[in-house]
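Novice: First, the structure itself, so that you have it in front of you.
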Amino acid sequence: MNRSYLVNRSLVRWCWQELRQGQLWLVVMAFVLIIASVFALSAIAQRMDQVIVKQGKDALMADTVFISANPIPQSLINQARQLGGTTSEMTQFSTMMFGGQGMKLVMVKAVDDAFPLRGSLQLSDGQTSQTHVKPDQVWLDPQLLSDLGIKVGDSVSLGDMEHVVSGTISAEPGLSFNPFRQMSSVFIHRSQVAKTGALQVGSRVEYHLFINATPAAIQQLKQQVKLTPSDEWRDVGQRSRTQDIFNKSEQYLSLVVIIVVLMSTMTLLLTCQHYVASRRQTVAMLKSLGASKRWVRHWLVIQVLMLLGIALLIGLPLGYGLERLLRLPLIGLLPSPLPALGMTPFVMALLSCLLVAVPGLGIPLYRLVDTDAVTSLQSHTAGQSQSLYLWGLWLVPCVGAALYWGNQLMVWLVLGGIVLVSAVLAATGLLLFRGLQALPLNAAFKLALKRVNRTRPATGMQLGALSLSLMLFAALWLVRTDLLSDWSSVFPDNAPDVFALNIATHEKDDYQHQLEQLNIVHSPIFPIVRGRLSRINGTDAIEYAGGREASNVLRREVNFTWAEQLPDYNQIVAGQWQPNNGVSVEESVARELGVKVGDQLTFTINSQSVTATVNSIRQVEWREMKPNFYFIFTPDRLAQLPATWMVSFRLGADASHQLSQLGHAYPTVSLLDLREITQKIQGLLSQIVNAISILAVVGVVAGLLLIYTLLKLSLMQRQEEMKLYRTLGMSRRRLRWTVLAEFGLIAVVAGTVSGFGADALVAAMIDYGFELTPRIHPLLWGVQPVFALVMVMVVVGRLIRQLTHSRRSLMSGLNVE
């Protein structure tokens, strides 16, 4: 027992000496990067999921919402409460409000005491504030006070009800991004709806039932409710612009994890292969002295456990710190208090580390254990018969990746691109090296070219590894740049920030003239009518599109317009605009409905049936905040119908004065000010951008570690050859320039081919993974070779200086002339 203890203690001491010699610290650093990045990114992905859920539920003002054109059945409310849910009701309708010397079309939101279940409602009378609407109160959008020339305490009229203004709405939950469905808000209590007398037969009104409940209870409730054409459920899972941003952020998280793990795994493999090669003679000697394979295996297992233990001790705190750093830009978005992370990030980090270690350490170390004693006397490689079996160990991380990322296209694009592009990069680089021999070069470059062309397999592997690391390095940064460029266009600097709605036909010309008098740049003015798509090619539209869940367009009334010409900011992707009997359909709606050019569409508008032929399909960029429509008709289809008009514009420096002028001159026109919404979204984007930038730095660190490892091991492999050159009389200076020339050529060729490879890989990822329009990056083609050359020269120059002062250095004789 004591002897066994002493043996184990001696092995541990020996293993620690092996670590102190420095060769295995690169393995430790690779494991630290894997553990820290996987822990941090798993944790922050969990946090971002919480943000998405919180943002979605705050926008809905509940876990789920039942919306109907008919009053909410009491039986549905009772069912929700029996399932353990809490409820709140809202009746929403538009009506005219009179006050001061003017009038205004407003959106009345009659709510109960419990509203809102989620989100924040802030009401203020100038002295006190409250978060719920009480009976016998009227709260107005602040803009209404300016438009009507009234103040808190003045009397206003909503239909038949007269009441004093209780105060203003400081913050309203569930702000919508649809300008056509939003007017200035007025909050009253539901008990006051009857007093307004505004709800009559045929009135447009929406009844909302907000429900907070467990997912299982919500699902059970939905199964018990039979929807009518006037009903719909609205849930967090429905796609929104904000959610798209978060989803793309999570995809980038996955991309960072993949690239960091790949680069770290390559670092681990290169380092471990070199360590095995350097220790093969040692193991052979130990076996020749009587050491058993079991003893050698025990020695290596202790080393591996020490490596993993040190990596965990460093990586987990580093990962926790990185998660805290990534969380800082998202503080305003995260729920408070934050739920506990649990064990998921820890398990993911440890599991990723073990999955990579199985083939990364298992293959080379198994071969080291299998080394024959005779290897100490001759150059001999043992265990080659086991190659196929050993390489099968790579199935372990591959299966793990398939289970975790099986449905993520991004992962397989990256992995497939790496396999394909790395081979192409290596082959292209070798062809370039062969072509460079024809150029008139000095002696150092000629000697360098002869060496790289003489050892083509080794050069190909080295070139492929360096090109691949540079390509992944560039791809990570390019995807970040393209994402940020896309997000920066969510609200362009010149985008309209105000929509004017409900402009009467007899006012539209004067209204445009007033905008010009105020020096306000505006969009074309569009007529608006509301209706539903009822039939497609003579078939009920819902059945034709595959059921009620096919498209939201079929579940509600939408806005239609007509025009002589399509807006110049809409691009036709199919068909051709014709002046008669036609309708142009937005691209995504056409895809959802299965509509194509030449199909017959029938619409119900003001109880009238209108039929038109699809003459074109348009691509619409909704983020530009310009007036856009799902359907644009030719004038002969809709011009005879009564309509209101809409125009968008961007306010100037004196925005408050301009809005006041328009509000007083045209009191029946609703002005939708989107500046608050745009500021909130831009703030959100700024926070996400900061987190994305921090993530990119993690990838940069992994890339630099890989390139440093690759160059260091490549130099160390030249020890004997460099010593031979010195023995044959080559001067120290020429030998130094030959080494620099060789690595310089490799850097330029690797940088050149990796620049093109990164552009191709990023184009595929952006197009198929992030569903954005890919762009070429010609600047990268010139910058990448220069970047690679500078980085490689700095690293190689530093390594040569380090190795010059080492007794085991490949340049040990260079100081002797």
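Under our numbering, the first residue of the sequence shown is numbered -15, with each subsequent residue one higher. All C-beta atoms in this analysis are idealised placements derived from N, C-alpha and C, irrespective of residue type, glycine included. The model shown is predicted, which means the values in this text are computed figures rather than measured ones.
1) Helix, strand or coil for T586? Go by DSSP, reduced to three states.
2) Nearest-angstrom Cα distance between L656 and L485?
3) What did DSSP end up calling D493 once you bin it into helix, strand or coil?
4) Out of L292, A155, L17, state which residue places its alpha-carbon closest to the alpha-carbon of Q114.
5) Does DSSP put I487 in a helix, in a strand, or in coil?
6) Strictly by DSSP, which residues pair up with D120?
7) Taking Cβ to Cβ, would you say T251 is nearer than 8 Å to L690?
8) Since I believe S150 is in contact with V245 (beta carbons under 8 Å), could you give me their beta-carbon distance rounded to a whole number of angstroms?
9) Could you name the residues of the same chain whose beta carbon sits closer than 6 Å to that of Q370, not counting the 5 residues immediately before and after it, in chain order?
10) Where does K88 sit, in a helix, a strand or coil, going by DSSP?
11) Closest to L101 by C-alpha separation, out of H192, I28, Q85, would be which residue?
12) Which residues bound the beta strand (DSSP E) around R102?
13) If I measure Cβ to Cβ from L300 and keep anything under 8 Å in the same chain, skipping five residues before and after, which residues do I get?
14) Judging by CA-CA distance, which residue of L763, L764, L697 is the nearest neighbour of A261?
15) Between the segment 756 to 764 and the segment 446 to 455, can you find at least three pairs of beta-carbon atoms closer than 8 Å?
16) So W561 is in the beta strand (DSSP E); what residue range does that whole segment cover?
17) Can you grab the Cα-Cα spacing for the pair S108 / P551, in whole Å?
18) Return the first residue and the last residue of the alpha helix (DSSP H) that R278 is part of.
19) Using the Cβ count rule (16 or more neighbours within 10 Å means buried), how would you classify P511?
20) Under a Cβ-count criterion, where at least 16 other Cβ atoms within 10 Å of its own Cβ denotes burial, should Q121 be classed as buried or exposed?
21) Should V598 be labelled buried (16 or more other beta-carbon atoms within 10 Å of its own) or exposed?
22) Taking Cβ to Cβ, would you say G326 is nearer than 8 Å to T198?
23) What are the start and end residues of the alpha helix (DSSP H) that includes S336?
24) According to DSSP, what are the bridge partners of P511?
25) What's the gap between the Cα of T249 and the Cα of I242?
26) Alpha carbon to alpha carbon, what distance is there between L352 and A725?
27) I'd like the list of long-range same chain contacts for Q106, defined as Cβ closer than 7 Å, with 5 residues on each side in sequence excluded.
28) Do S26 and T523 have their C-beta atoms closer together than 8 Å?
29) Can you name the start and end residues of the beta strand (DSSP E) that L656 belongs to?
30) Counting beta carbon pairs with one atom in the segment 506 to 520 and one in the segment 606 to 626, are three or more of them shorter than 8 Å?
31) Distance check for V12 and V732, CA to CA, integer angstroms please.
32) First and last residue of the alpha helix (DSSP H) that includes Y191?
33) What are the partner residues of G77, as DSSP defines its beta bridges?
34) Give the C-beta separation of I28 and E307 to the nearest angstrom, bearing in mind that I take them to be a contact with Cβ-Cβ under 8 Å.
35) By how many angstroms is the C-alpha of V770 removed from the C-alpha of R464?
36) Using the C-alpha atoms, what's the distance from N521 back to L205?
Specialist: With the structure as the only source:
1) Within the sequence shown, numbered from 1, the residue matching residue 586 stands at position 602. DSSP places T586 in the strand class (E or B) of the three-state scheme.
2) Against the sequence shown, residue 656 aligns to sequence position 672. Against the sequence shown, residue 485 aligns to sequence position 501. For L656 and L485, the distance between alpha carbons rounds to 8 Å.
3) On the sequence shown, residue 493 is found 509 positions in, with the first residue counted as 1. D493: helix per DSSP, three-state reduction.
4) Residue 114 sits at position 130 when you count from the first residue of the sequence shown. For the residues L292, A155, L17, the minimum Cα distance to Q114 belongs to A155.
5) The count along the sequence shown starts at 1 and reaches residue 487 at position 503. In the structure shown, I487 sits in a strand (DSSP, three-state: E or B).
6) The count along the sequence shown starts at 1 and reaches residue 120 at position 136. Partner(s): none; D120 has no beta bridge.
7) To locate residue 251, count along the sequence shown from 1; it is residue 267. To locate residue 690, count along the sequence shown from 1; it is residue 706. In terms of Cβ geometry, T251 and L690 form a close pair [threshold 8 Å].
8) Here residue 245 refers to the residue found at position 261 of the sequence shown. Here residue 150 refers to the residue found at position 166 of the sequence shown. Contact flag wrong, Cβ pair sits at about 58 Å.
9) Here residue 370 is taken as the residue at index 386 of the sequence shown, counted from 1. In this prediction, Q370 scores a pLDDT of 47, lower than 50, which makes its location untrustworthy; the coordinate-derived value is nonetheless stated afterwards. Hits under 6 Å: none found.
10) For the purposes of this step, residue 88 is taken as the residue at position 104 of the sequence shown. In the three-state DSSP reduction, K88 falls in the strand class (E or B).
11) The sequence position of residue 101 within the sequence shown is 117, counting from 1. Distance check between L101 and each of H192, I28, Q85 places H192 closest, using alpha-carbon atoms only.
12) Along the sequence shown, one-based indexing puts residue 102 at 118. Under the DSSP assignment, R102 falls outside any beta strand (DSSP E); it carries neither an H nor an E label.
13) As a first step, residue 300 must be located in the sequence shown, where it is residue number 316. Within the same chain, and ignoring the five residues on either side of L300 in sequence, the residues whose Cβ sits closer than 8 Å to its Cβ are I19, A20, F23, F330, A333.
14) As a position in the sequence shown, residue 261 is number 277, starting the count at 1. That would be L697, whose Cα lies nearest to the Cα of A261.
15) Between the segment 446 to 455 and the segment 756 to 764 there are fewer than three C-beta pairs closer than 8 Å, too few to call the two in contact.
16) The count along the sequence shown starts at 1 and reaches residue 561 at position 577. Run containing W561: none; DSSP gives neither H nor E here.
17) Numbered from its first residue, the sequence shown carries residue 108 at position 124. Numbered from its first residue, the sequence shown carries residue 551 at position 567. Taking the straight line joining both Cα atoms gives about 42 Å.
18) As a position in the sequence shown, residue 278 is number 294, starting the count at 1. Run containing R278: 277 to 311, per the alpha helix (DSSP H) assignment.
19) Residue numbering aside, residue 511 sits at position 527 when the sequence shown is read from its first letter. By the neighbour-count rule (16 or more Cβ atoms within 10 Å), P511 is buried.
20) To locate residue 121, count along the sequence shown from 1; it is residue 137. With 16 or more Cβ atoms within 10 Å of its Cβ, Q121 is classed as buried.
21) Position 614 of the sequence shown, counted from the start, is the residue given in the question as residue 598. Classification of V598: buried, given that the 10 Å Cβ count is 16 or more.
22) The count along the sequence shown starts at 1 and reaches residue 326 at position 342. The count along the sequence shown starts at 1 and reaches residue 198 at position 214. Not closer than 8 Å, so no.
23) Numbered from its first residue, the sequence shown carries residue 336 at position 352. Start and end: 328 to 353.
24) Along the sequence shown, read from residue 1 onward, the residue named residue 511 stands at position 527. P511 pairs with W629.
25) Stepping through the sequence shown from its first residue, residue 249 is reached at position 265. Stepping through the sequence shown from its first residue, residue 242 is reached at position 258. Cα to Cα, the separation comes out at about 10 Å.
26) Taking the sequence shown and counting its residues from 1, one reaches residue 725 at position 741. Taking the sequence shown and counting its residues from 1, one reaches residue 352 at position 368. Distance between the alpha carbons of A725 and L352 is about 34 Å.
27) Here the question's residue 106 lines up with position 122 in the sequence shown. Answer for Q106: S113, T115, S154, A155, listed in chain order.
28) Here residue 26 refers to the residue found at position 42 when the sequence shown is read from its first residue. Here residue 523 refers to the residue found at position 539 when the sequence shown is read from its first residue. Going by C-beta atoms, S26 is not nearer than 8 Å to T523.
29) Translated into the one-based positions of the sequence shown, residue 656 becomes position 672. L656 -> beta strand (DSSP E) spans 654 to 657.
30) Result yes; three or more Cβ-Cβ pairs closer than 8 Å.
31) In the sequence shown, the residue the question calls residue 732 occupies position 748. In the sequence shown, the residue the question calls residue 12 occupies position 28. One alpha carbon belongs to V732, the other to V12, and they sit about 30 Å apart.
32) Locating residue 191 in the sequence shown gives position 207, where the first residue counts as 1. That residue, Y191, is in no alpha helix (DSSP H); its beta strand (DSSP E) goes 189 to 196.
33) Taking the sequence shown and counting its residues from 1, the one referred to as residue 77 is at position 93. The amino acid at residue 77 is misidentified as Gly; the sequence shows Phe. Note: F77 sits in a beta bridge opposite V92, V189.
34) Numbered from 1 along the sequence shown, position 44 holds the residue referred to as residue 28. Numbered from 1 along the sequence shown, position 323 holds the residue referred to as residue 307. Confirmed, about 6 Å.
35) As a working mapping, residue 464 is identified with position 480 in the sequence shown. As a working mapping, residue 770 is identified with position 786 in the sequence shown. A straight line joining the alpha-carbon of R464 with that of V770 spans about 21 Å.
36) Working through the sequence shown from its first residue, we reach residue 205 at position 221. Working through the sequence shown from its first residue, we reach residue 521 at position 537. Rounded to the nearest whole angstrom, the C-alpha separation of L205 and N521 is 35 Å.
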